[in-house]
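See structure below.
4 protein chains.
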Amino acid sequence: MDRRLTQRGTARKRQLMTFAAARFAEHGYHPTSVAEIVKGLGVGKGVFYWYFSSKEELFLEILRDAQHDLRRTQKAAINDLDDPILRIEHGIRASMVWSAEHRDLANLFLFAATEERFAHSLRKGAEVAVADAVHHVKDAIAEGKMPDADPVMLAHAILGVTRELAKTFIHERAEDSEAVATAAVEFCLGGLLGRRDLRGD
Amino acid sequence: MDRRLTQRGTARKRQLMTFAAARFAEHGYHPTSVAEIVKGLGVGKGVFYWYFSSKEELFLEILRDAQHDLRRTQKAAINDLDDPILRIEHGIRASMVWSAEHRDLANLFLFAATEERFAHSLRKGAEVAVADAVHHVKDAIAEGKMPDADPVMLAHAILGVTRELAKTFIHERAEDSEAVATAAVEFCLGGLLGRRDLRGD
Amino acid sequence: MDRRLTQRGTARKRQLMTFAAARFAEHGYHPTSVAEIVKGLGVGKGVFYWYFSSKEELFLEILRDAQHDLRRTQKAAINDLDDPILRIEHGIRASMVWSAEHRDLANLFLFAATEERFAHSLRKGAEVAVADAVHHVKDAIAEGKMPDADPVMLAHAILGVTRELAKTFIHERAEDSEAVATAAVEFCLGGLLGRRDLRGD
Amino acid sequence: MDRRLTQRGTARKRQLMTFAAARFAEHGYHPTSVAEIVKGLGVGKGVFYWYFSSKEELFLEILRDAQHDLRRTQKAAINDLDDPILRIEHGIRASMVWSAEHRDLANLFLFAATEERFAHSLRKGAEVAVADAVHHVKDAIAEGKMPDADPVMLAHAILGVTRELAKTFIHERAEDSEAVATAAVEFCLGGLLGRRDLRGD
DNA sequence: GATGAATGAGTCTTCATTCAT
DNA sequence: CATGAATGAAGACTCATTCAT
């Protein structure tokens, strides 16, 4: 299924992926039939199988694409920042903004985690993102800007905060993503830098 | 489908729910057929429809049960603690331990979030748990033990950290749940209490 | 797909096999759809898959059954005959009669030979029948009733004559199977016993 | 679909027929798709439908061609032989050699017999070949070289022996076609000339 | 209470064929 | 002549659900 596509073909394929992603996010992967997808686009069923060898493959491709895109966004946001803590902050903010702009895809990540055949692909992508965060954390620790702790655990904690806040406040309640991002950053930096005893002073 | 069940009936029903939950968690809700469930238990299809009006109902019932159980566990862990921060800490630890002991159910929560008909039920349960955490946070703020911030946001941040660490380190990597819980508590308290500038000294 | 069947179940299964065999013989294996089969029997599609795991499996089962039946018939015909030549003659006659009574099945043998996945099963069955004939031929040669020649080749020659005459004169032209059998026997015995030069006298 | 073809066109068409015949013989007519054929030749689908109006037509054309070729070969082998028995012998040998060189096509004959729409064309071709053999047999009988018997029946018996031995020993077991042909001739002449009682002498 | 045969709408997928480019 | 995207009817198979026994 590695077809060399014409310009029109590429557009068609993207169209299918976008539409399908929206449906999958809305009704779920299984409840969305291939028939529904092609009908929604007003094309014949054959079109689908011209571009994808199966429904599963389509989903996997959407997943891969989304992960690449998210990562690209994060990279661009961090780019040339020297301070590891600043890199973490900008990474969180970038994730949040991306999540706000792609609620469909964020939702698919959720589902992908629930079936092994998709979880595999998901984990591979997540590992890259985590490795990135781990890198920043290690730098910060090395530079004495952060108390010593398991960087992998910290990286996942950041991920957890970011995802949960994005899901609840951005996707479900449509709050301002900047504000949510700021809250996430605040919380995470607190978690990373260690607690300050309020009463102890 | 509100049958008065004999003792044997109740056991049967629980057996069905446990087995189904395991399958749902392992292969996913949709890929698991009713036939597979009853065959796995060595009973006829009639049994299934004697206790549940549909597959969907079964899932919903598992979900409700799991949420009740988790909540009961958390309540018991917090019980008679006076310090709100201590209550939060024990709540996190209790969640982690529960999650370690019920990875199946934790997995189902994930899936339930991806289809609206289940997400509804899920949210209702989550709201209760969040309301609880919000309550503790508010207390802590009121008692001057925590800087002022949006308690709902903080509660969700805690939830995010707990879930992500449980999923990654307990379910996927089978690490010691006590240690993971401690890391989660550390991170969350840091996030709640506010950042301490290491270099600012 | 190894179900223990009730009496009714066994009848159903046989009904499906008989009907399918007729359709396969009439229109061919591929052009006959499962839908056509179940519709012809006035049952739902599920019934088919309750008894057979696939269309291919059904065909294979029909094939196996037919081969067993043919073989049983041949065995019964030969039974307690001492003379190997007589055994061959009766074997040919039995095949011919069976073929006349089961033109459907005879036709399926033809098709089965054209696709590897079926040909395998077919060859296994044919080998048994051939082995039988080879045995008789060897006996005849040993007893000096037949000139020495490759018994396997002779056995196949007999098979070829029998099949071709059955197909052409019994199936296509509906001639009397006794008469055709006699012609086959005459030809084969001639072939086996060696030529008699008419002019050589 | 009666196009006047350029030289290149004729070559293309032959290429399609040869390749398709090989695939049909290997995997069967139905399991072989038009897409597979054109892809195997590295051409577009348009090419196929430029030369053939349908897949069925292609098969029919392959069939007709094969029958003509076989017949031409037989004719050439018999050519100017006076003795009808010799003509039969050479006919058998020619069939065997042709069969060895065209196992693909021989296989297609088998399949063609299993579906009515192809069987028709097949029978027409077979009738010609049989008529030929019948002619020789009648001659032999008339010349007193062969005992009187139904010539049509005898012709088919010869056909059966030839096909079966070719299929089993040449196609499946790749034995020497000359040797197999000799065995076929021996058996058939025996069958034609009548049995010689070994013990009776 | 329990069984398992039966239903049939619905799923994914294939493929012969057409046609704009 | 040739390409390859597009069509859509049709196919094999699944599965939640029902019901006679």
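Chains as they are written, first to last, in this note's numbering: chain A, 1 to 201; chain B, 1 to 201; chain C, 1 to 201; chain D, 1 to 201. Cβ coordinates follow ideal geometry from the N, Cα and C atoms, glycine included.
At a Cβ threshold of 8 Å, is Phe59 (chain B) touching chain A?
-> Judged by the 8 Å Cβ criterion, Phe59 (chain B) is not in contact with chain A.
Using a beta-carbon distance below 8 Å, is Met153 (chain B) in contact with chain A?
Taking Cβ atoms only, chain A reaches closer than 8 Å to Met153 (chain B), which makes this a yes.
Using 8 Å for Cβ pairs, my map puts Leu105 (chain B) next to Arg196 (chain A). What's the rounded Cβ distance?
Your pair Leu105 (chain B) and Arg196 (chain A) does not check out as a contact, with CB atoms roughly 36 Å apart and the cut at 8 Å.
For chain C, is any of its Cβ atoms less than 8 Å away from the one on Gly200 (chain D)? Bear in mind that the predicted position of Gly200 (chain D) carries a pLDDT of just 39, short of 50, making it unreliable; the figure below should be weighed with that in mind. So no, Gly200 (chain D) is outside the interface.
* To do: Just the C-alpha distance for Ile37 (chain D) and Gln67 (chain B), rounded to the nearest angstrom, thanks.
  => Roughly 58 Å between the two C-alpha positions.
Using 8 Å as the threshold, is the stretch 171-182 of chain B in touch with the stretch 3-15 of chain B, meaning 3 or more CB pairs across them? With the cut-off at 8 Å, the stretch 171-182 of chain B and the stretch 3-15 of chain B do not touch.
Residues, ordered as in the chain, of the stretch 135-160 of chain B that lie near chain A by beta-carbon distance below 8 Å | Answer in chain order: Gly144, Lys145, Met146, Pro147, Ala149, Asp150, Met153, Leu154, His156, Ala157, Leu159 and Gly160.
Between the stretch 92-99 of chain B and the stretch 21-38 of chain B, do three or more beta carbon pairs fall short of 8 Å? Under the Cβ criterion (8 Å, minimum of three pairs), the stretch 92-99 of chain B does not count as touching the stretch 21-38 of chain B.
Can you find the residues in the same chain that come closer than 6 Å, C-beta to C-beta, to Thr73 (chain B), ignoring five residues on each side of it along the sequence?
Only Ala94 and Trp98 meet the Cβ criterion.
Review point. Roughly how many angstroms lie between the CA atoms of Leu165 (chain B) and Gly160 (chain A), to the nearest whole one?
Key: Cα to Cα, Leu165 (chain B) sits roughly 8 Å from Gly160 (chain A).
So Asn79 (chain C) contacts chain D; which residues on that side make the cut at Cβ distance below 7 Å? What Asn79 (chain C) touches in chain D, judged by beta-carbon distance under 7 Å, is nothing: the nearest beta carbon there is about 24 Å away.
Review point. With DSSP run on the structure shown, which of helix, strand or coil describes Arg64 (chain A)?
Key: Judged by DSSP in its simplified three-state form, Arg64 (chain A) adopts helix.
Which residues in chain B have a C-beta closer than 7 Å to the C-beta of Gly191 (chain A)? List them in chain order.
Under the 7 Å cutoff, chain B gives Phe187, Cys188, Gly190 and Gly191.
> What first and last residue would you give for the alpha helix (DSSP H) that runs through Ser95 (chain C)?
Replying inline: Membership of Ser95 (chain C) in the alpha helix (DSSP H) is indicated by the continuous run Pro84 to Glu101.
What did DSSP end up calling Arg3 (chain A) once you bin it into helix, strand or coil?
In the structure shown, Arg3 (chain A) sits in coil (DSSP, three-state: anything other than H, G, I, E or B).
| From Gly40 (chain C) to Ala21 (chain B), what does the alpha carbon distance come to, in whole angstroms? | A straight-line Cα-Cα distance of about 41 Å links Gly40 (chain C) and Ala21 (chain B).
**Prompt:** Out of A:Thr182, A:His136 and A:Lys167, which has the shortest C-alpha to C-alpha gap to Leu154 (chain A)?
**Reply:** Nearest C-alpha to Leu154 (chain A): A:His136.
Would Glu89 (chain C) pass as an interface residue toward chain D - the criterion being a Cβ-Cβ separation below 8 Å? The C-beta of Glu89 (chain C) comes no closer than 8 Å to any C-beta of chain D.
Notebook entry, point to check: To the nearest angstrom, how far is it from the Cα of Ile62 (chain A) to the Cα of Ala119 (chain A)?
Noted result: A direct Cα-Cα distance of roughly 13 Å separates Ile62 (chain A) from Ala119 (chain A).
Worksheet item: Taking Cβ to Cβ, would you say Phe187 (chain B) is nearer than 8 Å to Gly191 (chain A)?
Response: A contact, by the Cβ cut-off of 8 Å.
Which residue comes first and which comes last in the alpha helix (DSSP H) that contains Pro147 (chain C)? Neither: Pro147 (chain C) is in no alpha helix (DSSP H) and is coded neither H nor E.
Terminal residues of the continuous alpha helix (DSSP H) containing Ala113 (chain D)? That residue, Ala113 (chain D), is in no alpha helix (DSSP H); it is neither H nor E in DSSP.
Exercise for review: Quick one: residues in its chain with C-beta nearer than 6 Å to the C-beta of Phe139 (chain C), no 5 flanking neighbours on either side, listed in chain order?
Suggested key: Reading the sequence as shown, one finds Asp at residue 139 (chain C) and not Phe. The residues are Pro84.
*asked:* I'd like the list of long-range same chain contacts for Phe109 (chain C), defined as Cβ closer than 7 Å, with 5 residues on each side in sequence excluded.
replied: Only Leu122 meet the Cβ criterion.
>> Suppose the cutoff is 6 Å on Cβ atoms and the five residues either side in sequence are ignored; what does the same chain contact list for Leu70 (chain D) look like?
In response: Within the same chain, Leu70 (chain D) has close Cβ partners Trp98.
ask   = Just the Cα atoms here: how many angstroms apart are Ala157 (chain B) and Thr162 (chain A)?
value = Each residue's Cα considered, the two are about 8 Å apart.
Discussion item. Does Val185 (chain B) pass the burial test, meaning 16 or more other C-beta atoms within 10 Å, or should it be called exposed?
Written reply: That one is buried.
Margin query: Let's test the definition: count the other Cβ atoms within 10 Å of the Cβ of Glu26 (chain C) and tell me whether it reaches 16, buried, or not, exposed.
Written below: Glu26 (chain C) counts as exposed, since fewer than 16 other beta carbons sit within 10 angstroms of its beta carbon.
Practice item. Using the Cα positions of Ser54 (chain D) and His30 (chain D), report the straight-line distance between them to the nearest angstrom. Key: Cα-Cα distance, rounded: 13 Å.
Practice prompt. Determine the closest residue to Val47 (chain A) out of A:Ala133, A:Val134, A:Lys75 and A:Arg14, with distance taken between C-alpha atoms.
Written response: Checking every option, the nearest Cα to that of Val47 (chain A) belongs to A:Arg14.
- Task: Rounded to whole angstroms, what's the CA-CA distance from Glu89 (chain D) to Val130 (chain C)? Just pull it up for me.
- Result: When rounded, the distance between both Cα atoms is 26 Å.
Exercise. Quick one, are the C-beta atoms of Ala183 (chain A) and Asp150 (chain B) less than 8 Å apart?
Worked result: It is a contact, given that the beta carbons lie within the stated cut-off.
With a CB to CB cut of under 7 Å and the five nearest residues on each side skipped, what residues in its chain are close to Ala113 (chain D)? Only Ala119 and Leu122 meet the Cβ criterion.
Arg117 (chain C) and Glu56 (chain C) - do their beta-carbons sit closer together than 8 Å?
In this structure, Arg117 (chain C) lies closer than 8 Å to Glu56 (chain C) by Cβ.
_I want to see whether chain A comes within less than 8 Å of Gly194 (chain B), judged by CB atoms only; does it?_
Yes, because at least one Cβ of chain A sits closer than 8 Å to the Cβ of Gly194 (chain B).
Q) Are the C-beta atoms of Thr32 (chain D) and some chain C residue less than 8 Å apart? A) It does not; no Cβ of chain C falls within 8 Å.
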